[in-house]
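A.B. asks:
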Amino acid sequence: MSEKQTLIKLVDLSMSFDQKLLFKNLNLEIKQGDFLSIIGPNGTGKSTLIQLMMKELAPRSGQVIYTDNGFDRKKIGFVPQTRNINEDYPLNLTSFVSLRLYDNLIPWLTKKDRLKISTALKKVRLQDKSDNLLANSSGGEQQRAYIAQALVHDPKMIILDEPTNGLDERSKKEVMEILKKLQVEDQVTIVLVTHDPESVIQNSTKILKLNGDGTFEVGDQSLLENNDVEF
Ligand SMILES: Nc1ncnc2c1ncn2[C@@H]1O[C@H](COP(=O)(O)OP(=O)(O)O)[C@@H](O)[C@H]1O
Ligand SMILES: [Mg+2]
């Protein structure tokens with residue numbers, strides 16, 4: 001088997017806002033097929049770090065390097081923490097997923113686009129609900145529709161910012177099963193910011209814990225053995 005490709009390399013990455021240091025000299029490699037969980041209490045810099053990974057923000061010092069030929073921001077599907085969805089807007093799941101396709105010159109969906117949309121909906125188990133309105137869908141279904149939208153361009157990596165927040169246990173489990181399947185079967189690299197210890201334990205191949213005082217730890221599930229771990 002070939003060695004797994006490194007997609008993103010963080011080199012001596014440091015970030016601060018005003019006087020607040022978030023992390024200092026962070027070194028980390030994210031490889032194809034990794035399931036990286038990023039944990040730590042609120043305000044420790046998790047969302048800031050993923051913005052840095054997507055090069056949407058400049059670090060205080062250090063570098064974010066895309067090491068693989070052909071890997072760039074377009075190969076990352078992003079599921080943000082919050083969204084402003086107008087509840088009254090009559091958008092069904094197919095149309096919602098298609099929104100990410102409208103950066104081309106043709107203002108309608110081609111046969112190929114429709115296939116991309118139905119493939120993405122299938123991966124999140126919403127193929128039978130494609131005509132349902134997003135606004136009328138359950139929290140778990142909405143979250144899965146966001147993931148489908150992030151998948152529509154067939155990304156090498158998806159980055160998700162607290163996707164299971166506010167979901168009931170069953171919906172959480174379903175979202176995590178979908179992510180695990182994407183990682184194991186499709187070799188999609190997963191970067192997950194989460195406060196859910198169970199999903200971290202079950203799914204991660206790598207864990208990054210931000211402590212909020214500039215320090216951090218990189219490791220595996222043994223990082224959670226310490227009872228002081230705060231989510
Ligand atoms: N654009 C910004 N300007 C100034 N401070 C910011 C900015 N973005 C985030 N912060 C601060 O940086 C800290 C980390 O924020 P964030 O990355 O959102 O943390 P987390 O996602 O772990 O909750 C917080 O104290 C937040 O207020
Ligand atoms: Mg956050």
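For the sequence shown, full-length UniProt numbering begins at 1 and goes up steadily by one.
Virtual Cβ for every residue (Gly too), placed ideally from N, Cα, C.
1. Leaving out five residues before and five after GLU174 in sequence, what residues of the same chain have Cβ atoms less than 8 angstroms from its Cβ?
2. Please look up how many angstroms separate the CB atoms of LEU121 and ALA148, rounded, as I've assumed it's under 8 angstroms.
3. In terms of residues, what are the limits of the beta strand (DSSP E) holding TYR66?
4. With distances taken from CA atoms, which of GLY62, MET53, THR215 and ALA58 is nearest PHE71?
5. In the segment 67–101, which residue ranges form an unbroken alpha helix (DSSP H) of at least 4 residues, counting only runs that do not cross its ends?
6. Going by DSSP, which residues form a beta bridge with SER14?
7. Three-state secondary structure (DSSP) at THR189?
8. What are the boundary residues of the beta strand (DSSP E) that ASP220 is part of?
9. Looking at the structure shown, is LYS173 part of a helix, part of a strand, or coil, going by DSSP?
10. Are GLY45 and LEU10 closer than 7 angstroms when you measure CB to CB?
11. Look up ASN42 in the DSSP assignment and say whether it is helix, strand or coil.
12. Below 8 angstroms, can you find three or more Cβ-Cβ pairs linking the segment 153–173 to the segment 77–84?
C.D. replies: From the atom records:
1. ARG125, GLY140 and ARG144
2. 5 angstroms
3. 61–66
4. MET53
5. 93–98
6. SER61
7. strand
8. That residue, ASP220, is in no beta strand (DSSP E); it is neither H nor E in DSSP.
9. helix
10. no
11. coil
12. yes
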